[in-house]
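A short worksheet on the structure shown next.
Numbering (UniProt numbering), first residue to last: 1 to 205.
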């Protein structure tokens with residue numbers, strides 16, 4: 001399964017980045033390739049002006065198109081996802097998330113912005129063609145406390161919710177592998193079926 005993580009945080013380090021890394025660490029068993037996209041690291045002028053001639057933008061958009069699972073992680077500001085994430089999502093084609101499983105992750109200072117996932121982010125993901133959107137995970141500062149030595153950690157409830165999401169991703173991965181195996185068998189059977197010799201074909205006029 002090809003996985004793309006889109007990090008909408010404009011700062012580093014960040015709780016959103018940690019939550020994304022935590023999710024990915026639990027998906028190692030299902031990952032054939034992983035690509036991390038940090039819109040804040042893309043050329044600012046090309047990003048804000050939607051310059052599709054920029055090679056780095058082309059590569060990032062292409063990576064999303066080639067993925068089967070997209071994880072979107074963002075901080076919530078004023079009941080909405082980050083501006084840098086919006087700028088990147090605006091670059092995707094209208095059906096840029098079609099046929100993909102999407103896992104939304106968000107962080108915020110308090111539970112007050114919990115519904116921003118449902119009312120701000122998910123409608124945008126749906127507008128981009130996503131139909132298989134997993135239950136989003138919203139974590140507050142208290143659920144992702146700072147470590148004294150630096151970095152962050154996660155409380156048990158966040159880890160438990162991530163594990164539930166991973167189980168759903170595992171089911172999607174098995175379905176994908178089964179589909180790919182069936183297509184491979186069909187292609188092999190088609191290639192191995194010998195064409196009818198011309199002398200055995202009867203033509204009628």
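Ideal Cβ positions, reconstructed from N, Cα and C, are used throughout, including at glycine.
Here the structure is a predicted model, which is why all the values come from computation and not from measurement.
Of the residues 48, 49, 51, 83, the one whose Cα lies closest to the Cα of residue 8 is 83. In the DSSP annotation of this structure, the continuous segment of the alpha helix (DSSP H) that includes residue 189 starts and ends at 156 to 192. In chain order, 8, 74 place their CB closer than 6 Å to the CB of residue 85, counting only its own chain and leaving out the 5 sequence neighbours on each side. Within the same chain, Cβ atoms closer than 8 Å to the Cβ of residue 142 are found at 155, the five residues on either side in sequence being excluded. With fewer than 16 other CB atoms across the displayed protein chains lying within 10 angstroms of its CB, residue 188 is exposed. With respect to the C-alpha of residue 116, the residue from 35, 57, 80, 27 having the closest C-alpha is 80. Annotated three-state conformation of residue 39 is helix, per DSSP. Remark: C-beta atoms of residue 91 and residue 128 do not approach each other more closely than 8 Å.
Per the C-alpha coordinates, the member of 113, 109, 136, 112 positioned closest to residue 122 is 136.
Under the criterion of beta carbons closer than 8 Å, residue 47 and residue 87 qualify as touching, at roughly 5 Å.
In the same chain as residue 102, and ignoring 5 residues on each side of it, the C-beta atoms closer than 6 Å to its own belong to 70, 125, 130, 133, in chain order. Its Cα nearest to that of residue 60, the residue 3 stands out among 3, 106, 24.
Between residue 184 and residue 38, the alpha-carbon positions lie close to 34 Å from each other.
Sequence-distant Cβ neighbours of residue 40 in its own chain, meaning closer than 6 Å and more than five residues away, are 10, 84.
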